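Peer 1: My structure is below; once you've seen it, I'll send some questions.
4 protein chains.
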Amino acid sequence: MTDRTEPLSYGSYLRLKELLDCQRPESARLGKRAHDEMLFIVTHQTYELWFKQVLHELDAILAIMAVAPVAERDVGRALAHLERIVTILRVVIGQIDILETMTPLDFLEFRDLLAPSSGFQSAQFRAIENKLGMQRGRRLRYNESPYEAALPESERSRALDPEHAPSLFDRVDAWLSRMPFVRFRDFDFWRVYRDQVEAMLAGDAEVIGRSHADNPAALAAQLAQLEATRREFATVFLPDEYAKARQAGLRRLTHEAFLAALMISLYRDEPILQTPFRLLTVLVEIDEALSLWRYRHMQMVSRMIGSKIGTGGSSGQDYLRRTVDAHRVFADLFNLSTYLLPRSRLPALPQAVARELGFAWAR
Amino acid sequence: MTDRTEPLSYGSYLRLKELLDCQRPESARLGKRAHDEMLFIVTHQTYELWFKQVLHELDAILAIMAVAPVAERDVGRALAHLERIVTILRVVIGQIDILETMTPLDFLEFRDLLAPSSGFQSAQFRAIENKLGMQRGRRLRYNESPYEAALPESERSRALDPEHAPSLFDRVDAWLSRMPFVRFRDFDFWRVYRDQVEAMLAGDAEVIGRSHADNPAALAAQLAQLEATRREFATVFLPDEYAKARQAGLRRLTHEAFLAALMISLYRDEPILQTPFRLLTVLVEIDEALSLWRYRHMQMVSRMIGSKIGTGGSSGQDYLRRTVDAHRVFADLFNLSTYLLPRSRLPALPQAVARELGFAWAR
Amino acid sequence: MTDRTEPLSYGSYLRLKELLDCQRPESARLGKRAHDEMLFIVTHQTYELWFKQVLHELDAILAIMAVAPVAERDVGRALAHLERIVTILRVVIGQIDILETMTPLDFLEFRDLLAPSSGFQSAQFRAIENKLGMQRGRRLRYNESPYEAALPESERSRALDPEHAPSLFDRVDAWLSRMPFVRFRDFDFWRVYRDQVEAMLAGDAEVIGRSHADNPAALAAQLAQLEATRREFATVFLPDEYAKARQAGLRRLTHEAFLAALMISLYRDEPILQTPFRLLTVLVEIDEALSLWRYRHMQMVSRMIGSKIGTGGSSGQDYLRRTVDAHRVFADLFNLSTYLLPRSRLPALPQAVARELGFAWAR
Amino acid sequence: MTDRTEPLSYGSYLRLKELLDCQRPESARLGKRAHDEMLFIVTHQTYELWFKQVLHELDAILAIMAVAPVAERDVGRALAHLERIVTILRVVIGQIDILETMTPLDFLEFRDLLAPSSGFQSAQFRAIENKLGMQRGRRLRYNESPYEAALPESERSRALDPEHAPSLFDRVDAWLSRMPFVRFRDFDFWRVYRDQVEAMLAGDAEVIGRSHADNPAALAAQLAQLEATRREFATVFLPDEYAKARQAGLRRLTHEAFLAALMISLYRDEPILQTPFRLLTVLVEIDEALSLWRYRHMQMVSRMIGSKIGTGGSSGQDYLRRTVDAHRVFADLFNLSTYLLPRSRLPALPQAVARELGFAWAR
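Protein chains in written order, with my numbering: chain A, 1 to 363; chain B, 1001 to 1363; chain C, 2001 to 2363; chain D, 3001 to 3363.
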């Protein structure tokens, strides 16, 4: 603990002197002052400040979920951190509106001065991706190089170290795998569930038949897709099929975790599952928000520089477009709805089980 | 003019009795009341009300721009209508947040009851696309059928008729083509411009060389792309090349219109070009907003139904994903920035020309 | 159940024919077509559609909370309905951006034609206020008349009936009052809490002394306010003081309910309190969103019509400005933070109590 | 121009090392780490970065408008800077959503550590207010002291210096006062206008009579207000009355400027007035956005700390509430709509005048 000699002021507390000294336009340094470069700098600096906050939240969540088992009261806290991340990402996405007030012509004034620096060099953004659990093998390659090639040596560890620690994905998988209520001693939930699925798919077949009675080509196409759906369900219920799907990269969660997530989605109204259900929902929202950010970022870049090379000397636009969908971490959760049943078909939980999922108080 | 017997009230003016009687959940009709179906109905009805308003604005713009030449004072009015459309689309996009409060499980409760109706059947949305100028040939096919196949016969004309009238795209093209200031009697603007482009591309080549000196593969890739850029510039300056690009579907504006749009972007500070520049910008924003709407809609559908068939019996998700980028109308404007020059390289306008672009008052 | 003769289509399902026939501009009827009147109508109609949805959600919540005691699993469902209301209100607030694209001059074109109808006549909005629990006695009077005087007779019951049924406020009060964990058999929580409060206020006094050592006037003012804070705390702990504050209109919740709400805020991390804490938070957000809506609405009206009379013949602006703060329902919850203690000062819960607040599973 | 020895990287360009070293939580320094203090710091630092950008834009605008007369082409540029400020303020307002993810209990953890620093000490925010043109005499006093008393000596000049330079308000007033088209040689515009106003007020009187025929008290109240409106119009047309209103603090613009602003609002479709009209509109939007920011800020503070003292030892909430409406700069423009006439009553401009307001090209 350091002692203060002066009373704390707003400016000294926020270190405004230092903070507001970090904006150094290249165009000013080179004597060709371009007004909008300040906007470019400030926008990216606020991005980085928010990224720091996102990392701060992720670290808190990772600490909570590193404990096994995670205490129920701490799941609520992890949820609050995750929801804050979504709120931050929404503001970060909104900042693109500000960048878009810079016209392409104004950007041209200083664009070349920034080479070869590039947004691909944001070590904090890479760290966020890695802490969430983006897999190296799933990353698109950029300029035929691994992503860290773009980073200056001094910043690589910030981005790369999280790759070697358990990610949020890993922690969520472990937490789900440990959920005790998925196995029901005397009650074979998953068998009942499977019967219901079969009944539902039979119903879908009928709907398709009715809708496309007069269009044989469409009928055939739809039935083929239904058959594919049936095969997808098999991958959920049959451990071997699930393992195959996982090996093929179509699933990433372990089988245990996947079933727990499905169970939570189906019985989310049970008191013990309310907070876990929200947590799964917010993970999907984070993925969605990051995709949306990538999408809007790509739109903005393409409008700003057309088909010219990016400031990093990259053919960035194509790369950006492809990351929008590819760089998703919780795709498994995103797709859970494929396997849901309407509540009306949902097998009722046995009394004893339902009681276990309630509060001690109520017993 | 009808006479009123009673004083106007808020309720009678807005026809609230009729309006609030239009929500008829199928689940209620069939005795399986699903709470969230009301949300589904209300959200789509508000979409349709906003679509009606967008069409109202588009009709006003089309009327203004049907006159040749369009009076300068009316360009300002057209701009205000276009800006309103953007504001409406932002709210429409925001409504997806509301739909996302419906969980997949809740949607399942009534999803099957809606078959075979489908959002693909929104005649007003098709009319908006057609009035903006979406080309039939550019539309992705859905279930191997033209889009109107999905529409009930009674609503086809609403969607299809605008296809046969001049669209906003057509009107903008004609308005741009007529811009008088593109031709400068004694001043060969485009020749000077071309020289500057050549100088700039030479500079880019140097930047690339510097950035990738130690990475021959990246260097080659970047240089190849620069060469492609050079060829793209040729398509702008050489009428024959432009014609070829247009025939190949890479351009849609006429050559005259394209050059005028480029000119406006370059000299947007001239008084006479300020409003036209905003108008071009807003056209891009409309395209961007519609793309964003499609993107978020696709995200939402995919989260809601996973890989199951849509309510229209469609494998809608893939279709939706592909329309995001494909169904763009003003792609030419979106890409204008490819051909811009930094202000510092911009040829100065001759005095006489500059005066013509100012106000009568100032002469 | 009625039978359908035709397959459901998007248009027939949404009753688009009827819905899109409800826009009848007065200016058109009177032969002085004003373009922007359509915007005015559509915006208000979408408001009313969303109000209908908010009422639909409120009814679902009221049904859930009418049961005593409310099952824990249903609290989660009530919460989801409330969160949806907040999301809807955010879009409703955003719609003001659309209305603001109408300039005052354009509004003037048809404003007089609408007299004497007025937004004060929205029966659904009054019903929302009443279902939330706005008290007749707290409403500001408008034109010296009770609010229903502005409503046409045919719509009064829609607005007024909810006044005579238990409101959300009433249900929340009852639900809080029944919370069992507020009384701790052997553990006098509130005594410990009070001791801590005293300690904290003593600390605040010291802070104030330090901050204003050289400014006696400010020092006196701050100390007087601290004394007021101390008296406010007394109103929480002493039933007689609480009763007095309630009689004076400074509190509305019963004492039992107020203490439960405070308890929930303090121990929100306990599993059994996580969902109740969110529910209280969302109630505050609803109040906040409605205040924000009133604030922006007032700003917009004032910008639109200056100090002229409103369409209802009202001097509406002043009235609107005063309702912003006055028409709040859950002010008690809004002010809870006055009585919080830092976690570090929070008395630890006895083991036995903490266990009761957890899940059956974990015992 | 300094030489670089290393190629520019994203991190060195943005000075990320320094920027990300400016977050120094007091709670960490004192060994009582409070997780949410980082959020508090980052949010306020992003505010300050955006404030710096707003000042950067204001400086550009002030430079443009310091020239007399302002060239038409530069008015377009000033407009773009102002619109950017509005876009930035919208993001700044949206950041309150992030702060609100911090619960009152979490804020309590570190609130006392920050004393006596306070948001009232933001020198940049004061500078923004002063550059816009807030008048010292109009500022509410806080703790009985002028606002600069709260600022540390080292930061006072940043906040205070702009008070002594011409503000945006001053520049706008001068720019409006110089507008040449307000005086029409042979055409007494304002006399015609006044006649129309009289006719309109007579119409309003009739509307009021009709609406309140059966409510004498309301009728009297409305008529009294109409009379007040008539007197308000007098203040516009009669220089002496205007001078009195100005002396009483009800107007701030000079008479010349006020009439020019009214003229621009009435004839905004004329080519030469399109950009000035947008500029006036955006000034109102800036005032509106700042008011909204103050309003939401006040809501948030009140929710966060209840009626306790602020971190600056202030009874800040009341102060904040009162600044919402009081600290407005362009109130004159906000109220312009009081004096508008429907287009249908608007006197037509003489040919010669209309031609002057068009483009040279068209003559």
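We put the beta carbon where it would ideally sit given N, CA and C, even for glycine.
Note that the structure is predicted; figures quoted are calculated from it, not measured.
Does the contact criterion of 3 or more C-beta pairs under 8 Å hold for the region 2074-2086 of chain C versus the region 2038-2048 of chain C?
Peer 2: No: the two stretches stay apart, fewer than three of their Cβ pairs being nearer than 8 Å.
Peer 1: For F1330 of chain B, which of helix, strand or coil comes out of DSSP?
Peer 2: Walking along the second sequence from the start, residue 1330 of chain B turns up at place 330. Note: F1330 of chain B maps to coil in three-state DSSP.
Peer 1: Since R2077 of chain C and I2093 of chain C should fall inside the 8 Å C-beta cutoff, what is the C-beta to C-beta distance between them, to a whole number of angstroms?
Peer 2: Residue 2077 of chain C sits at position 77 when you count from the first residue of the third sequence. Residue 2093 of chain C sits at position 93 when you count from the first residue of the third sequence. With a Cβ gap of about 25 Å, R2077 of chain C and I2093 of chain C do not count as contacting.
Peer 1: Is it the case that the Cβ atoms of D173 of chain A and A248 of chain A are separated by a distance below 7 Å?
Peer 2: Stepping through the first sequence from its first residue, residue 173 of chain A is reached at position 173. Stepping through the first sequence from its first residue, residue 248 of chain A is reached at position 248. No, the Cβ-Cβ distance between D173 of chain A and A248 of chain A is not below 7 Å.
Peer 1: For S1012 of chain B, name the three-state secondary structure that DSSP assigns.
Peer 2: In the second sequence, residue 1012 of chain B corresponds to position 12, counting from 1. S1012 of chain B falls in the helix class under three-state DSSP.
Peer 1: Per DSSP, F3359 of chain D is paired with what?
Peer 2: Here residue 3359 of chain D refers to the residue found at position 359 of the fourth sequence. In DSSP, F3359 of chain D forms a bridge with B:F1359.
Peer 1: Please report the straight-line C-alpha distance between A354 of chain A and T2281 of chain C, rounded to a whole angstrom.
Peer 2: Locating residue 354 of chain A in the first sequence gives position 354, where the first residue counts as 1. Locating residue 2281 of chain C in the third sequence gives position 281, where the first residue counts as 1. A354 of chain A and T2281 of chain C: Cα-Cα distance of roughly 28 Å.
Peer 1: Cβ closer than 7 Å: which chain A residues qualify as neighbours of L3016 of chain D?
Peer 2: As a working mapping, residue 3016 of chain D is identified with position 16 in the fourth sequence. The contacting residues are E48.
Peer 1: Residue range of the alpha helix (DSSP H) that T1043 of chain B falls in?
Peer 2: By one-based count along the second sequence, residue 1043 of chain B stands at place 43. E1037 to M1065 is the span of the alpha helix (DSSP H), which, as asked, contains T1043 of chain B.
Peer 1: Nearest to F3277 of chain D by CA position, among D:L3262, D:R3090, D:A3289 and D:P3152, is which residue?
Peer 2: Within the fourth sequence, residue 3277 of chain D is the residue found at index 277, counting from 1. The option with the nearest alpha carbon to F3277 of chain D is D:L3262.
Peer 1: Starting from the N-terminal side, write out each stretch of the alpha helix (DSSP H) that is 4 residues or longer and does not extend beyond the region 3148-3199 of chain D.
Peer 2: As far as the region 3148-3199 of chain D is concerned, its whole alpha helix (DSSP H) runs of at least 4 residues are 3153-3160 and 3168-3177.
Peer 1: Using a Cβ cut-off of 8 Å, which residues of the region 283-303 of chain A contact any Cβ in chain B, in chain order?
Peer 2: Those residues of the region 283-303 of chain A that come within reach of chain B (Cβ to Cβ, closer than 8 Å) are V284, E288, S291, L292, Y295, R296, Q299, S302 and R303.
Peer 1: What's the C-alpha gap between A1352 of chain B and D1074 of chain B?
Peer 2: Numbered from 1 along the second sequence, position 352 holds the residue referred to as residue 1352 of chain B. Numbered from 1 along the second sequence, position 74 holds the residue referred to as residue 1074 of chain B. Spanning the two alpha carbons is a distance of roughly 26 Å.
Peer 1: Hey, T1046 of chain B and T2046 of chain C are a contact pair by Cβ (cut 8 Å); roughly how many whole angstroms apart?
Peer 2: Sequence index remark: in the second sequence, residue 1046 of chain B carries index 46 (1-based). Sequence index remark: in the third sequence, residue 2046 of chain C carries index 46 (1-based). Contact holds; Cβ gap of about 5 Å.
Peer 1: State the Cα-Cα distance for the pair S3177 of chain D and Y3267 of chain D, rounded to the nearest angstrom.
Peer 2: To locate residue 3177 of chain D, count along the fourth sequence from 1; it is residue 177. To locate residue 3267 of chain D, count along the fourth sequence from 1; it is residue 267. Approximately 17 Å between the Cα atoms of the pair.
Peer 1: I'd like to know if V2207 of chain C contacts chain D, where contact means its C-beta is closer than 7 Å to some C-beta of that chain.
Peer 2: The count along the third sequence starts at 1 and reaches residue 2207 of chain C at position 207. Closer than 7 Å to some Cβ of chain D, the Cβ of V2207 of chain C qualifies, so yes.
Peer 1: Would you tell me roughly how many angstroms separate the C-alpha atoms of W3175 of chain D and L20 of chain A, rounded to the nearest one?
Peer 2: One-based indexing of the fourth sequence puts residue 3175 of chain D at position 175. One-based indexing of the first sequence puts residue 20 of chain A at position 20. Cα to Cα, W3175 of chain D sits roughly 32 Å from L20 of chain A.
Peer 1: With distances taken between CB atoms, is the gap from D1204 of chain B to L1226 of chain B smaller than 7 Å?
Peer 2: Within the second sequence, residue 1204 of chain B is the residue found at index 204, counting from 1. Within the second sequence, residue 1226 of chain B is the residue found at index 226, counting from 1. Going by C-beta atoms, D1204 of chain B is nearer than 7 Å to L1226 of chain B.
Peer 1: Can you grab the Cα-Cα spacing for the pair R3191 of chain D / L3346 of chain D, in whole Å?
Peer 2: For the purposes of this step, residue 3191 of chain D is identified with residue 191 of the fourth sequence, where counting begins at 1. For the purposes of this step, residue 3346 of chain D is identified with residue 346 of the fourth sequence, where counting begins at 1. Those two C-alpha atoms are separated by around 12 Å.
Peer 1: Are there 16 or more other CB atoms within 10 angstroms of the CB of H2164 of chain C, so buried, or fewer, so exposed?
Peer 2: The residue given as residue 2164 of chain C occupies position 164 in the third sequence. Exposed, since its Cβ has fewer than 16 Cβ neighbours within 10 Å.
Peer 1: Confirm, please, whether the CB-CB distance from I2098 of chain C to I1061 of chain B is below 7 Å.
Peer 2: The sequence position of residue 1061 of chain B within the second sequence is 61, counting from 1. The sequence position of residue 2098 of chain C within the third sequence is 98, counting from 1. No.
Peer 1: For L1113 of chain B, which residues of its own chain have a beta-carbon under 7 Å away from its beta-carbon, when the five flanking residues on both sides are left out?
Peer 2: Walking along the second sequence from the start, residue 1113 of chain B turns up at place 113. Taken in chain order, the residues that qualify are E1026, S1027 and L1030.
Peer 1: Any beta-carbon of chain B closer than 7 Å to the one on F334 of chain A?
Peer 2: Stepping through the first sequence from its first residue, residue 334 of chain A is reached at position 334. It does: the Cβ of F334 of chain A has a partner Cβ on chain B nearer than 7 Å.
Peer 1: Closest to L2279 of chain C by CA distance: which of C:R2321, C:M2304 and C:F2330 is it?
Peer 2: Here the question's residue 2279 of chain C lines up with position 279 in the third sequence. Nearest option by C-alpha distance: C:F2330.
Peer 1: At a Cβ threshold of 7 Å, is F3189 of chain D touching chain B?
Peer 2: If you number the fourth sequence from 1, residue 3189 of chain D lands on position 189. It does not: the Cβ of F3189 of chain D has no partner Cβ on chain B nearer than 7 Å.
Peer 1: CA-CA distance, T2235 of chain C and D1287 of chain B?
Peer 2: Numbered from its first residue, the third sequence carries residue 2235 of chain C at position 235. Numbered from its first residue, the second sequence carries residue 1287 of chain B at position 287. Going by the C-alpha atoms only, they are around 59 Å apart.
Peer 1: How would you list, in chain order, the residues of chain B whose beta-carbon sits under 8 Å from the beta-carbon of I305 of chain A?
Peer 2: Numbered from its first residue, the first sequence carries residue 305 of chain A at position 305. The answer, in chain order, is S1337 and T1338.
Peer 1: Starting from the C-beta of F110 of chain A, find all residues in its chain whose C-beta is less than 6 Å away, skip the five residues before and the five after it, and write them out in chain order.
Peer 2: In the first sequence, counting from the first residue as 1, residue 110 of chain A sits at position 110. Closer than 6 Å at Cβ, skipping near neighbours: S27, A34 and E37.
Peer 1: Would the beta-carbon of P3104 of chain D fall within 7 Å of that of M3298 of chain D?
Peer 2: Here residue 3104 of chain D is taken as the residue at index 104 of the fourth sequence, counted from 1. Here residue 3298 of chain D is taken as the residue at index 298 of the fourth sequence, counted from 1. For P3104 of chain D and M3298 of chain D, no; Cβs fall outside 7 Å.
Peer 1: Can you give me the C-alpha to C-alpha distance between D240 of chain A and R246 of chain A, rounded to a whole angstrom?
Peer 2: Reading the first sequence from its first residue, position 240 is the one you call residue 240 of chain A. Reading the first sequence from its first residue, position 246 is the one you call residue 246 of chain A. Cα to Cα, the separation comes out at about 10 Å.
Peer 1: Please tell me whether D1214 of chain B has its Cβ less than 7 Å away from any Cβ of chain D.
Peer 2: Taking the first residue of the second sequence as 1, we reach residue 1214 of chain B at position 214. No, D1214 of chain B does not count as interfacial toward chain D.
Peer 1: Excluding five sequence neighbours on each side, which residues of the same chain lie with their C-beta closer than 6 Å to the C-beta of Q3121 of chain D?
Peer 2: Stepping through the fourth sequence from its first residue, residue 3121 of chain D is reached at position 121. So the qualifying residues of the chain are A3150 and L3151.
Peer 1: Below 8 Å on the Cβ atoms is my guess for S1145 of chain B versus Y2010 of chain C; work out the distance and round it to an integer in Å.
Peer 2: As a position in the second sequence, residue 1145 of chain B is number 145, starting the count at 1. As a position in the third sequence, residue 2010 of chain C is number 10, starting the count at 1. S1145 of chain B to Y2010 of chain C, Cβ: 16 Å. No contact.
Peer 1: What number of angstroms, rounded off, separates the C-alpha of K2131 of chain C from the C-alpha of P2162 of chain C?
Peer 2: Translated into the one-based positions of the third sequence, residue 2131 of chain C becomes position 131. Translated into the one-based positions of the third sequence, residue 2162 of chain C becomes position 162. Spanning the two alpha carbons is a distance of roughly 6 Å.
Peer 1: When the cut-off is 7 Å and only beta carbons count, does S1009 of chain B lie next to chain C?
Peer 2: Locating residue 1009 of chain B in the second sequence gives position 9, counting from the first residue. Cβ-Cβ to chain C under 7 Å: yes for S1009 of chain B.
Peer 1: Name the chain B residues whose beta carbon is nearer than 8 Å to that of H2035 of chain C?
Peer 2: In the third sequence, residue 2035 of chain C corresponds to position 35, counting from 1. The contacting residues are H1056 and A1060.
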